[in-house]
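Novice: Before anything else, here's the structure in question.
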Amino acid sequence: MSKNVNIGLVQMSCSADVEANIQKAISGIREAAQKGAQIVCLQELFTSLYFCDVEDHHNFSLAEAIPGPSTDRLAQLAGELGVVIIASLFEKRAQGLYHNTTAVLDADGTYLGKYRKMHIPDDPGYYEKFYFTPGDLGYKVFDTKFARIGVLICWDQWYPEAARITALMGAEILFYPTAIGWDTNEPDPAQNTEQYNAWQTIQRSHAIANGVHVVAVNRVGREADQQFWGGSFIANPFGTLLYLAPHDEELVHVQTVDLALSEKYRTTWPYFRDRRIDSYQPITRRYIDQE
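Each residue of the sequence shown is one higher than the one before, counting from 1 in full-length UniProt numbering.
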């Protein structure tokens, strides 16, 4: 028996105008709802440019409380349209304490809670440790009107442990709001291709290993030295691409997924059954050496 859910993704470029970005996202959510979406996911930090390409104290002014002004607006919109909204925001928890956080608004406008990004990168063009304290809420699932969903954020997508734990908590779909792109100063096009392929492959592997649908929503456009590569996608519980967005186009897409497929794939490929949890204690060590 099928359990169909319509997933909407909004792949967009951003500018320095916060209100314009919010209005663009709202328009995308409305378009997705008009196309039948029941759950709509926005990209990482959609209200602004990806400011983590530099270490600048002025960028802390972009942060806000969660719940707060943006979640209030989106909650009203969710209730009006009858859709679940997944919204990635820059959270100001207290003076000097900030998180990269995603809020979930249910289809009746209820604020269901938030997930704070657990893995924080610090690499050229991605100086997130300057801005964000690592999440302290643990991994989260949210019981929405249409599905039990798990939310992870960008750099989290490289860690199978995060996907596994969230799936073991009962997530039926894993959502990854993302902001990642190519360095425009990279002279080797093969390296750019390899980077994108790795990004897609690791997330499709989470779908396979956990028998769940995976939804990745990335931004597009040139910002400073980053060419954000779009390429948002939806994969089924065996990693098959149900939808793949282009690299250079703003778009709104709605895809029907059948959550009942998790039962099929988990029965046929019973990875959860065969997990040797008695043998996994070493994974909690930073590195397995002789000390």
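The beta-carbon is built from N, C-alpha and C at its ideal position, and this holds for glycine as well.
I149 bridges to which residues according to DSSP?
Specialist: F142, I173
Novice: Would you call the stretch 187–197 in contact with the stretch 33–53, where contact means no fewer than 3 C-beta pairs closer than 8 Å?
Specialist: no
Novice: Please confirm if the stretch 264–274 is in contact with the stretch 215–229, defined as three or more CB-CB distances below 8 Å between the two stretches.
Specialist: no
Novice: My understanding is that R204 touches E172, with C-beta atoms under 8 Å, so please give their C-beta distance in whole angstroms.
Specialist: With a Cβ gap of about 17 Å, R204 and E172 do not count as contacting.
Novice: Contact between the stretch 19–37 and the stretch 237–245 is defined here as three or more beta-carbon pairs at a separation below 8 Å; is this criterion met?
Specialist: no
Novice: Which residue from G82, W269, A107, T47 puts its Cα closest to that of P177?
Specialist: Restricting attention to G82, W269, A107, T47, the CA atom closest to the CA of P177 is found in T47.
Novice: DSSP puts R116 in a beta bridge; with which residues?
Specialist: T101
Novice: Quick check on D123: does DSSP put it in helix, strand or coil?
Specialist: strand
Novice: Starting from R266, trace the alpha helix (DSSP H) in both directions and tell me its first and last residue.
Specialist: 261–268
Novice: Rounded to the nearest angstrom, what separates D156 and G135 at their Cα positions?
Specialist: 11 Å
Novice: So what does Y111 bridge to, in DSSP terms?
Specialist: L105
Novice: Can the beta-carbon of I26 be found closer than 9 Å to that of T256?
Specialist: Contact flag unset, no.
Novice: Return the residue from the list E250, R276, R285 that minimises the CA-CA distance to L42.
Specialist: Of the candidates E250, R276, R285, the one whose C-alpha sits nearest the C-alpha of L42 is E250.
Novice: When the Cα of G221 is compared with those of D183, A209, Q191, which residue comes out closest?
Specialist: D183
Novice: Express the C-alpha separation of L112 and A103 in angstroms, rounding to a whole number.
Specialist: 8 Å
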